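Enquirer:
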Amino acid sequence: GWNLFFDQVVGTAVLMIFIVALGNDFNHMISEVAKPFAFVLIIFVITSAFACNSGGAINPARDLGPRLFAAFIYGWKEVFQANNYFFWIPIVGPIVGAIIGVWLYEGYSLILKRFSNLPNVVNIGSIEVHPQVKLVDDDNQLMITHKLTTIHS
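Per full-length UniProt numbering, the sequence shown runs over residues 1 to 153.
Structure follows, in C-alpha cells:
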C-alpha cells in the first residue's frame, strides 16, 4: 500500500534533487567529466536502498514497459490486478516524487539566494577573490551575475 508509494516518492525525489543539482550551472562542486559517474553512482545507491520494498522503479518506464509486455503474454487481468492493484504505485509514485524533488531543490536554492550570509571573500591558495554579487531581475527570473576582483598577496 501506502508505504510502497511513499518509498517510490522518496526515491524519485532524491534522484531529482541530485539531477537538478548536477544540471545547475552555478554548481561547481563536481567536474563535467565526473558527472556521468556520479549519476550512475546515485542510481546504484537509490536502487540498492529502495529495491527491497517495491522494486526501486524511480522511473515509470522501468515498470510500465515490462508490465505491458507481460500483459500481452499472461493477460491483462493477471498483470494489472496482481498484488492488490500494485501497478499504479511505480507509475504515479515517481511522478509525484519528481515534482516534490524539484520543488524542494528550487525552494532550498531560493532560500540560499535570498537569506544566506555567505562571506564575500573566497581564498583560493594565495589569491583572495572578492565577488560582487548582483541580482538582476530579467523577465521575472532571478539571475545572479558575478564581478570578480582578485587581489594577489
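Positions of the beta carbon are idealized from the N, C-alpha and C atoms, including for glycine. Here the structure is a predicted model, which is why all the values come from computation and not from measurement.
Is the beta carbon of Phe18 closer than 8 Å to that of Ile42?
Expert: yes
Enquirer: Considering just the uninterrupted stretch of the alpha helix (DSSP H) at Gln8, what are its terminal residues?
Expert: Unbroken alpha helix (DSSP H) run through Gln8: Trp2 to Gly23.
Enquirer: Return helix, strand or coil for Asn59, following the three-state DSSP convention.
Expert: coil
Enquirer: What whole-angstrom Cβ distance do Ile58 and Ile46 have, given they're in contact under 8 Å?
Expert: Rounded, the Cβ-Cβ distance is 6 Å, consistent with contact.
Enquirer: Would you kindly check if the distance between the Cβ of Ala13 and the Cβ of Ile100 is under 8 Å?
Expert: yes
Enquirer: Is it right to say Asp63 is buried, meaning 16 or more other beta carbons lie within 10 angstroms of its own, or is it exposed?
Expert: buried
Enquirer: Would you check if the segment 87 to 100 and the segment 48 to 57 touch, i.e. whether three or more CB-CB distances between them fall below 8 Å?
Expert: yes
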